[in-house]
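J.: Residue numbers (the working numbering): 14 to 329.
One structure follows; several queries about it will come next.
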Amino acid sequence: MKILVINCGSSSLKYQLLDMDNEALLAKGLCERIGIGGHLSHKPQNGKPVFDEDVPMPTHTEAIAAVLDKLTSAEYGVVADMSEIGAVGHRVVHGGEKFSASVVIDDEVMAGIAECNPLAPLHNPANITGIEACKAVMGDVPQVAVFDTAFHQTMPGKAFMYAIPYEYYADLKVRRYGFHGTSHRYVSKRAAELLGRPIEELKLISCHMGNGSSICAIDGGRSVDTSMGFTPIAGLPMGTRCGDIDVSILEYLAQNTGKDIAELTNILNKKSGVLGVSGVSSDFRDLDTAAGEGNDRAALALDIFHYSVAKTTPPR
(Lines of atoms letter the chains of each structure in order from A and count residues from 1; the text may use other names and numbers.)
(Lines give C-alpha, C1' and ligand atoms only; values in the text may rest on other atoms or scores of the structure.)
Protein backbone atom coordinates (compact mmCIF):
# COMPACT_ATOMS: atom_id res chain seq x y z
CA MET A 1 0.00 0.00 0.00
CA LYS A 2 1.19 3.51 -0.83
CA ILE A 3 0.53 6.13 1.84
CA LEU A 4 0.75 9.89 1.41
CA VAL A 5 1.69 11.73 4.60
CA ILE A 6 0.90 15.44 4.77
CA ASN A 7 2.00 17.93 7.41
CA CYS A 8 0.38 21.35 7.00
CA GLY A 9 2.04 23.94 9.21
CA SER A 10 1.21 27.60 9.60
CA SER A 11 3.41 28.63 6.65
CA SER A 12 4.67 25.33 5.29
CA LEU A 13 3.56 21.95 4.00
CA LYS A 14 5.76 18.87 4.19
CA TYR A 15 4.88 15.60 2.51
CA GLN A 16 6.16 12.11 1.82
CA LEU A 17 4.80 9.30 -0.32
CA LEU A 18 5.71 5.89 1.10
CA ASP A 19 5.35 2.34 -0.20
CA MET A 20 4.56 0.46 3.00
CA ASP A 21 5.05 -2.98 1.39
CA ASN A 22 8.78 -2.40 1.62
CA GLU A 23 8.80 0.90 3.59
CA ALA A 24 10.39 2.64 0.63
CA LEU A 25 10.26 6.39 0.23
CA LEU A 26 8.87 7.23 -3.22
CA ALA A 27 8.90 11.03 -3.03
CA LYS A 28 9.16 13.82 -0.52
CA GLY A 29 8.91 17.55 -0.61
CA LEU A 30 8.36 20.84 1.09
CA CYS A 31 6.22 23.86 0.34
CA GLU A 32 7.65 26.94 2.07
CA ARG A 33 6.73 30.58 2.55
CA ILE A 34 3.02 29.95 2.09
CA GLY A 35 1.30 33.30 2.27
CA ILE A 36 4.52 35.27 1.66
CA GLY A 37 5.42 34.05 -1.81
CA GLY A 38 5.71 30.29 -2.15
CA HIS A 39 8.40 27.75 -2.98
CA LEU A 40 8.11 24.03 -3.78
CA SER A 41 10.94 21.53 -3.42
CA HIS A 42 9.79 18.15 -4.80
CA LYS A 43 12.20 15.22 -4.70
CA PRO A 44 11.15 11.99 -6.44
CA GLN A 45 13.20 8.96 -5.47
CA ASN A 46 12.90 7.13 -8.81
CA GLY A 47 15.61 8.97 -10.70
CA LYS A 48 13.37 11.66 -12.12
CA PRO A 49 14.56 15.26 -11.82
CA VAL A 50 14.05 17.36 -8.70
CA PHE A 51 11.63 20.26 -8.92
CA ASP A 52 12.88 23.22 -6.86
CA GLU A 53 11.27 26.48 -7.88
CA ASP A 54 9.10 29.32 -6.67
CA VAL A 55 5.39 28.58 -7.05
CA PRO A 56 2.68 31.09 -6.09
CA MET A 57 1.08 29.85 -2.84
CA PRO A 58 -1.17 32.51 -1.33
CA THR A 59 -2.90 29.79 0.72
CA HIS A 60 -2.56 26.11 1.55
CA THR A 61 -5.06 25.25 -1.17
CA GLU A 62 -2.58 26.24 -3.87
CA ALA A 63 0.19 24.38 -2.02
CA ILE A 64 -1.82 21.13 -1.97
CA ALA A 65 -2.65 21.51 -5.65
CA ALA A 66 1.03 21.98 -6.50
CA VAL A 67 2.02 18.85 -4.52
CA LEU A 68 -0.59 16.63 -6.16
CA ASP A 69 0.37 17.97 -9.58
CA LYS A 70 4.03 17.06 -9.11
CA LEU A 71 3.31 13.60 -7.65
CA THR A 72 1.37 12.65 -10.78
CA SER A 73 3.21 14.63 -13.47
CA ALA A 74 5.00 12.85 -16.32
CA GLU A 75 8.25 14.71 -15.69
CA TYR A 76 8.45 14.66 -11.90
CA GLY A 77 5.86 12.14 -10.73
CA VAL A 78 6.11 8.76 -9.02
CA VAL A 79 2.55 7.51 -9.53
CA ALA A 80 0.36 7.47 -12.64
CA ASP A 81 -2.59 8.94 -10.78
CA MET A 82 -3.88 9.37 -7.25
CA SER A 83 -5.78 6.07 -7.36
CA GLU A 84 -2.48 4.30 -6.60
CA ILE A 85 -2.44 5.79 -3.12
CA GLY A 86 -4.21 3.61 -0.55
CA ALA A 87 -4.39 6.04 2.37
CA VAL A 88 -3.46 9.54 3.48
CA GLY A 89 -2.14 10.51 6.91
CA HIS A 90 -2.64 14.09 8.08
CA ARG A 91 -0.89 15.82 10.92
CA VAL A 92 -3.61 17.79 12.73
CA VAL A 93 -2.53 20.26 15.37
CA HIS A 94 -5.38 20.44 17.85
CA GLY A 95 -7.66 17.65 19.02
CA GLY A 96 -8.66 19.21 22.33
CA GLU A 97 -9.61 16.59 24.89
CA LYS A 98 -11.81 14.91 22.28
CA PHE A 99 -8.94 13.17 20.49
CA SER A 100 -6.21 11.43 22.48
CA ALA A 101 -5.12 9.10 19.65
CA SER A 102 -5.05 8.89 15.85
CA VAL A 103 -8.41 8.31 14.14
CA VAL A 104 -9.83 7.52 10.71
CA ILE A 105 -11.38 10.72 9.38
CA ASP A 106 -15.14 10.86 8.87
CA ASP A 107 -17.71 13.66 9.04
CA GLU A 108 -17.79 13.51 12.84
CA VAL A 109 -14.01 13.78 13.06
CA MET A 110 -14.00 16.70 10.62
CA ALA A 111 -16.57 18.46 12.79
CA GLY A 112 -14.44 17.79 15.86
CA ILE A 113 -11.35 19.24 14.17
CA ALA A 114 -13.33 22.30 13.10
CA GLU A 115 -14.55 22.77 16.69
CA CYS A 116 -10.91 23.21 17.68
CA ASN A 117 -10.24 25.92 15.06
CA PRO A 118 -10.42 28.74 17.63
CA LEU A 119 -7.75 26.94 19.67
CA ALA A 120 -5.32 26.70 16.73
CA PRO A 121 -6.35 29.40 14.23
CA LEU A 122 -3.14 29.22 12.19
CA HIS A 123 -3.13 25.43 11.89
CA ASN A 124 -6.43 23.56 12.13
CA PRO A 125 -7.95 25.46 9.18
CA ALA A 126 -4.83 24.60 7.18
CA ASN A 127 -5.14 20.95 8.24
CA ILE A 128 -8.78 20.94 7.15
CA THR A 129 -7.77 22.46 3.81
CA GLY A 130 -5.32 19.61 3.27
CA ILE A 131 -7.89 16.98 4.17
CA GLU A 132 -10.59 18.49 1.98
CA ALA A 133 -8.22 18.94 -0.97
CA CYS A 134 -7.18 15.28 -0.79
CA LYS A 135 -10.79 14.13 -0.41
CA ALA A 136 -11.80 16.12 -3.48
CA VAL A 137 -9.12 14.45 -5.61
CA MET A 138 -8.99 10.99 -4.03
CA GLY A 139 -12.63 10.30 -3.16
CA ASP A 140 -13.09 7.45 -0.70
CA VAL A 141 -9.41 6.77 -0.03
CA PRO A 142 -9.10 6.37 3.78
CA GLN A 143 -7.59 9.35 5.57
CA VAL A 144 -6.23 9.38 9.09
CA ALA A 145 -5.71 12.29 11.48
CA VAL A 146 -2.68 12.22 13.78
CA PHE A 147 -3.04 14.88 16.47
CA ASP A 148 -0.20 17.02 17.80
CA THR A 149 -1.95 17.38 21.14
CA ALA A 150 -2.29 13.63 21.77
CA PHE A 151 1.32 13.14 23.00
CA HIS A 152 0.80 15.70 25.75
CA GLN A 153 -2.26 14.01 27.22
CA THR A 154 0.13 12.35 29.70
CA MET A 155 0.89 15.66 31.41
CA PRO A 156 -0.15 15.66 35.08
CA GLY A 157 -2.75 18.07 36.37
CA LYS A 158 -0.14 20.31 37.98
CA ALA A 159 1.32 20.90 34.50
CA PHE A 160 -1.80 21.28 32.37
CA MET A 161 -4.09 23.17 34.77
CA TYR A 162 -4.18 26.96 34.94
CA ALA A 163 -4.70 28.75 38.25
CA ILE A 164 -8.11 30.11 37.27
CA PRO A 165 -11.57 29.16 38.57
CA TYR A 166 -11.89 25.39 38.18
CA GLU A 167 -15.24 25.61 36.39
CA TYR A 168 -13.50 27.12 33.36
CA TYR A 169 -11.70 23.82 32.98
CA ALA A 170 -14.64 21.62 33.95
CA ASP A 171 -17.16 23.42 31.73
CA LEU A 172 -15.06 24.96 28.95
CA LYS A 173 -11.94 22.73 28.95
CA VAL A 174 -9.55 25.65 29.39
CA ARG A 175 -6.19 23.99 30.07
CA ARG A 176 -2.69 23.57 28.68
CA TYR A 177 -2.81 21.21 25.70
CA GLY A 178 0.66 21.46 24.18
CA PHE A 179 1.53 21.03 20.52
CA HIS A 180 4.16 19.62 18.16
CA GLY A 181 3.54 16.29 19.90
CA THR A 182 4.40 14.15 16.87
CA SER A 183 7.72 15.96 16.61
CA HIS A 184 8.55 15.72 20.33
CA ARG A 185 7.60 12.03 20.39
CA TYR A 186 9.86 11.25 17.43
CA VAL A 187 12.78 13.36 18.66
CA SER A 188 12.74 11.73 22.10
CA LYS A 189 12.65 8.21 20.65
CA ARG A 190 15.41 9.03 18.17
CA ALA A 191 17.54 10.56 20.94
CA ALA A 192 17.17 7.35 22.97
CA GLU A 193 18.27 5.31 19.96
CA LEU A 194 21.33 7.49 19.38
CA LEU A 195 22.24 7.30 23.06
CA GLY A 196 21.79 3.54 23.03
CA ARG A 197 19.57 3.64 26.11
CA PRO A 198 15.95 2.66 26.78
CA ILE A 199 13.74 5.73 26.59
CA GLU A 200 12.09 4.62 29.86
CA GLU A 201 15.36 5.48 31.65
CA LEU A 202 15.75 8.98 30.21
CA LYS A 203 14.70 12.47 31.17
CA LEU A 204 14.89 14.62 28.04
CA ILE A 205 14.18 18.15 26.88
CA SER A 206 13.23 18.34 23.21
CA CYS A 207 13.12 21.53 21.16
CA HIS A 208 10.95 22.02 18.09
CA MET A 209 12.30 25.12 16.38
CA GLY A 210 10.76 26.90 13.39
CA ASN A 211 8.06 29.38 12.46
CA GLY A 212 6.21 27.69 15.32
CA SER A 213 8.45 26.66 18.23
CA SER A 214 7.96 24.71 21.46
CA ILE A 215 9.93 22.91 24.13
CA CYS A 216 8.89 19.71 25.91
CA ALA A 217 10.02 17.94 29.09
CA ILE A 218 9.87 14.17 28.57
CA ASP A 219 10.23 11.64 31.38
CA GLY A 220 10.48 7.99 30.36
CA GLY A 221 9.00 8.70 26.93
CA ARG A 222 5.98 10.57 28.33
CA SER A 223 5.35 14.28 28.02
CA VAL A 224 5.25 15.86 31.49
CA ASP A 225 5.32 19.55 30.56
CA THR A 226 5.58 21.76 27.50
CA SER A 227 5.96 25.44 26.67
CA MET A 228 2.84 25.86 24.54
CA GLY A 229 -0.49 26.15 26.28
CA PHE A 230 -4.21 26.43 25.62
CA THR A 231 -3.36 27.46 22.05
CA PRO A 232 -0.11 27.48 20.04
CA ILE A 233 0.31 31.21 20.75
CA ALA A 234 1.80 30.49 24.19
CA GLY A 235 5.41 29.82 25.14
CA LEU A 236 8.32 31.05 23.04
CA PRO A 237 8.04 34.03 20.69
CA MET A 238 7.75 32.56 17.18
CA GLY A 239 7.56 33.60 13.55
CA THR A 240 4.32 35.59 13.88
CA ARG A 241 3.11 34.61 17.37
CA CYS A 242 3.93 36.63 20.48
CA GLY A 243 4.48 33.77 22.93
CA ASP A 244 3.91 34.36 26.63
CA ILE A 245 2.81 37.90 27.53
CA ASP A 246 0.99 39.51 30.45
CA VAL A 247 -2.72 39.01 29.71
CA SER A 248 -3.46 42.55 30.89
CA ILE A 249 -1.73 43.80 27.75
CA LEU A 250 -4.86 42.85 25.79
CA GLU A 251 -7.09 45.14 27.86
CA TYR A 252 -4.53 47.93 27.70
CA LEU A 253 -4.24 47.66 23.91
CA ALA A 254 -8.02 47.51 23.51
CA GLN A 255 -8.43 50.70 25.52
CA ASN A 256 -5.69 52.57 23.66
CA THR A 257 -6.14 51.34 20.08
CA GLY A 258 -9.89 50.84 19.81
CA LYS A 259 -9.36 47.30 18.57
CA ASP A 260 -11.57 44.50 19.87
CA ILE A 261 -10.41 41.16 21.26
CA ALA A 262 -10.73 39.40 17.89
CA GLU A 263 -8.54 41.98 16.14
CA LEU A 264 -5.94 41.90 18.88
CA THR A 265 -5.87 38.08 18.97
CA ASN A 266 -5.29 38.11 15.21
CA ILE A 267 -2.40 40.54 15.68
CA LEU A 268 -0.85 38.42 18.43
CA ASN A 269 -1.15 35.32 16.22
CA LYS A 270 -0.24 36.66 12.79
CA LYS A 271 1.59 39.97 13.14
CA SER A 272 3.71 39.53 16.26
CA GLY A 273 6.68 37.34 17.18
CA VAL A 274 9.93 38.00 15.32
CA LEU A 275 7.93 39.52 12.45
CA GLY A 276 6.38 42.11 14.74
CA VAL A 277 9.66 43.00 16.44
CA SER A 278 11.81 43.06 13.31
CA GLY A 279 9.36 44.45 10.80
CA VAL A 280 11.29 42.34 8.29
CA SER A 281 9.99 38.78 8.10
CA SER A 282 8.74 35.76 10.02
CA ASP A 283 11.44 33.65 8.33
CA PHE A 284 14.54 33.29 10.50
CA ARG A 285 16.76 33.09 7.43
CA ASP A 286 15.60 36.55 6.38
CA LEU A 287 16.31 37.81 9.89
CA ASP A 288 19.84 36.37 9.86
CA THR A 289 20.49 38.15 6.57
CA ALA A 290 19.02 41.44 7.78
CA ALA A 291 20.89 41.30 11.10
CA GLY A 292 24.11 40.62 9.23
CA GLU A 293 23.47 43.74 7.17
CA GLY A 294 23.14 45.84 10.32
CA ASN A 295 19.38 45.82 10.92
CA ASP A 296 19.12 46.37 14.68
CA ARG A 297 15.47 45.32 14.94
CA ALA A 298 16.17 42.02 13.17
CA ALA A 299 19.07 41.42 15.57
CA LEU A 300 16.84 42.24 18.53
CA ALA A 301 14.17 39.80 17.33
CA LEU A 302 16.77 37.04 17.16
CA ASP A 303 18.12 37.95 20.60
CA ILE A 304 14.62 37.79 22.10
CA PHE A 305 14.05 34.35 20.58
CA HIS A 306 17.44 32.97 21.67
CA TYR A 307 17.02 34.33 25.20
CA SER A 308 13.54 32.80 25.50
CA VAL A 309 14.80 29.37 24.42
CA ALA A 310 17.69 29.53 26.90
CA LYS A 311 15.39 30.68 29.70
CA THR A 312 12.99 27.77 29.06
CA THR A 313 15.76 25.16 29.00
CA PRO A 314 17.75 25.70 32.23
CA PRO A 315 21.30 24.34 32.51
CA ARG A 316 21.90 20.90 34.03
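Every residue, glycine too, gets a C-beta built ideally from N, C-alpha and C.
Using a 10 Å radius around the Cβ and a threshold of 16 neighbouring Cβ atoms, would you call Asn269 buried or exposed?
T.: Stepping through the sequence shown from its first residue, residue 269 is reached at position 256. Result: exposed.
J.: Grouping DSSP H, G and I as helix and E and B as strand, with all else coil, what is Gln166?
T.: Counted from its first residue, the sequence shown places residue 166 at position 153. Gln166: helix per DSSP, three-state reduction.
J.: Label Pro62 either buried or exposed according to how many other C-beta atoms from any shown protein chain fall within 10 Å of its C-beta, with 16 as the threshold for buried.
T.: Residue 62 sits at position 49 when you count from the first residue of the sequence shown. Under this definition Pro62 is an exposed residue.
J.: Measure from the alpha carbon of Ile16 to the alpha carbon of each residue in Arg46, Val91, Gly51 and Ile49, then state which is nearest.
T.: Reading the sequence shown from its first residue, position 3 is the one you call residue 16. It is Val91 whose Cα lies nearest to the Cα of Ile16.
J.: Between the Cα of Ser261 and those of Asp65, Ile274 and Met70, spot the shortest distance and give me the residue it belongs to.
T.: If you number the sequence shown from 1, residue 261 lands on position 248. Checking every option, the nearest Cα to that of Ser261 belongs to Ile274.
J.: Taking Ser321 and Leu249 to be in contact with their CB atoms under 8 Å, please state how far apart those CB atoms are, rounded to whole angstroms.
T.: Here residue 321 refers to the residue found at position 308 of the sequence shown. Here residue 249 refers to the residue found at position 236 of the sequence shown. Contact flag correct, Cβ pair sits at about 5 Å.
J.: Is the CB-CB distance between Val237 and Met168 below 8 Å?
T.: Against the sequence shown, residue 237 aligns to sequence position 224. Against the sequence shown, residue 168 aligns to sequence position 155. Cβ atoms of Val237 and Met168: closer than 8 Å.
J.: For the beta strand (DSSP E) holding Asn20, just list the boundary residues, first then last.
T.: Translated into positions along the sequence shown, residue 20 becomes position 7. Where Asn20 is concerned, the enclosing beta strand (DSSP E) stretches over Lys15 to Cys21.
J.: Would you please state the rounded distance, in angstroms, between the beta carbons of Gly252 and Gly307? I believe it to be under 8 Å.
T.: As a working mapping, residue 252 is identified with position 239 in the sequence shown. As a working mapping, residue 307 is identified with position 294 in the sequence shown. That belief does not hold up - the Cβ atoms of Gly252 and Gly307 are roughly 22 Å apart, past 8 Å.
J.: Helix, strand or coil: which one does DSSP assign to Ala303?
T.: Position 290 of the sequence shown, counted from the first residue, corresponds to residue 303. Residue state, collapsed to three classes: helix.
J.: What do you get for Lys83, buried or exposed, if any count of 16 or more other CB atoms within 10 angstroms of its CB means buried?
T.: The sequence position of residue 83 within the sequence shown is 70, counting from 1. Lys83 should be labelled buried.
J.: Within a Cβ cutoff of 7 Å, which residues of the same chain sit near Asp65, ignoring the five residues on either side of it in sequence?
T.: What you label residue 65 is simply residue 52 of the sequence shown in a count that begins at 1. So the list reads Ser54, once near-sequence residues are dropped.
J.: What are the start and end residues of the alpha helix (DSSP H) that includes Ser321?
T.: As a working note, residue 321 is residue 308 in the sequence shown. Taken as a continuous stretch (DSSP letters only), the alpha helix (DSSP H) holding Ser321 covers Asp309 to Thr325.
J.: So, helix, strand or coil for Ile258, using DSSP?
T.: Your numbering for residue 258 matches position 245 in the sequence shown. Reduced to three states, the DSSP call for Ile258 is coil.
J.: Taking the alpha-carbon of Cys220 as reference, which of Ile231, Ile212, Glu213 and Ala93 has the nearest alpha-carbon?
T.: By 1-based counting over the sequence shown, the position of residue 220 is 207. Residue Ile231 is the option with its Cα nearest to Cys220.
J.: Here's the rule I'm using: 16 or more other beta-carbon atoms within 10 Å means buried, otherwise exposed. How should Val117 be labelled?
T.: Stepping through the sequence shown from its first residue, residue 117 is reached at position 104. Val117 should be labelled exposed.
J.: Would you check if the distance between the CB atom of His73 and the CB atom of Leu26 is smaller than 8 Å?
T.: Within the sequence shown, numbered from 1, the residue matching residue 73 stands at position 60. Within the sequence shown, numbered from 1, the residue matching residue 26 stands at position 13. The answer is yes: Cβ separation under 8 Å.
J.: Going residue by residue through the segment 274 to 298, where are the continuous alpha helix (DSSP H) segments of at least 4 residues, counting only ones entirely within it?
T.: The segment 274 to 298 contains these whole alpha helix (DSSP H) runs: 274 to 283 and 286 to 291.
J.: Which two residues bound the contiguous beta strand (DSSP E) that contains Ala40?
T.: As a first step, residue 40 must be located in the sequence shown, where it is residue number 27. First-last of the beta strand (DSSP E) with Ala40: Ala37 to Glu45.
J.: Among Arg104, Ile317, Gln29 and Pro134, whose alpha-carbon lies nearest the alpha-carbon of Ile98?
T.: As a position in the sequence shown, residue 98 is number 85, starting the count at 1. Nearest C-alpha to Ile98: Gln29.
J.: Would you kindly work out how many angstroms separate the C-alpha atoms of Ala78 and Ala146, rounded to a whole number?
T.: Counting from 1 along the sequence shown, the entry for residue 78 is found at position 65. Counting from 1 along the sequence shown, the entry for residue 146 is found at position 133. Each residue's Cα considered, the two are about 8 Å apart.
J.: Looking only at its chain, what residues have a beta carbon closer than 7 Å to the beta carbon of Arg188, apart from the 5 residues adjacent to it on each side?
T.: The sequence position of residue 188 within the sequence shown is 175, counting from 1. Same-chain partners within the cutoff: Phe173, Met174, Tyr175, Tyr182 and Phe243.
J.: Give the DSSP-derived three-state secondary structure of Arg210 in the structure shown.
T.: Sequence index remark: in the sequence shown, residue 210 carries index 197 (1-based). Of the three classes helix, strand and coil, the one that applies to Arg210 here is coil, per DSSP.
J.: Going by DSSP, what residue range makes up the beta strand (DSSP E) through Ile126?
T.: In the sequence shown, the residue the question calls residue 126 occupies position 113. It is not in any beta strand (DSSP E) - Ile126 instead sits in the alpha helix (DSSP H) that spans Asp120 to Glu128.
J.: For Ile317, which residues from the same chain have a beta carbon less than 8 Å from its beta carbon, with the 5 sequence-adjacent residues on both sides left out?
T.: In the sequence shown, the residue the question calls residue 317 occupies position 304. So the list reads Pro250, Val287 and Val290, once near-sequence residues are dropped.
J.: Compare the beta carbon distance of Gly102 and Val200 with 8 Å and say whether it is the shorter of the two.
T.: As a first step, residue 102 is located in the sequence shown; it is residue number 89 there, counting from the start. As a first step, residue 200 is located in the sequence shown; it is residue number 187 there, counting from the start. Result no, Cβ atoms of Gly102 and Val200 do not sit closer than 8 Å.
J.: Whole angstroms is fine: what's the gap from Pro245's alpha carbon to His197's?
T.: Counting from one through the sequence shown, the residue named residue 245 turns up at place 232. Counting from one through the sequence shown, the residue named residue 197 turns up at place 184. Their Cα atoms are separated by approximately 15 Å.
J.: Could you tell me the alpha carbon to alpha carbon distance between Lys272 and Glu264, rounded to whole angstroms?
T.: Position 259 of the sequence shown, counted from the first residue, corresponds to residue 272. Position 251 of the sequence shown, counted from the first residue, corresponds to residue 264. Taking the straight line from one Cα to the other gives about 10 Å.
J.: What separation, rounded to the nearest whole angstrom, lies between the Cα atoms of Asn224 and Gly22?
T.: Position 211 of the sequence shown, counted from the start, is the residue given in the question as residue 224. Position 9 of the sequence shown, counted from the start, is the residue given in the question as residue 22. Using only the alpha carbons, I get a separation of about 9 Å.
J.: Could you tell me the boundaries of the beta strand (DSSP E) in which Lys56 lies?
T.: The sequence position of residue 56 within the sequence shown is 43, counting from 1. Note, Lys56: beta strand (DSSP E), His52 to Pro57.
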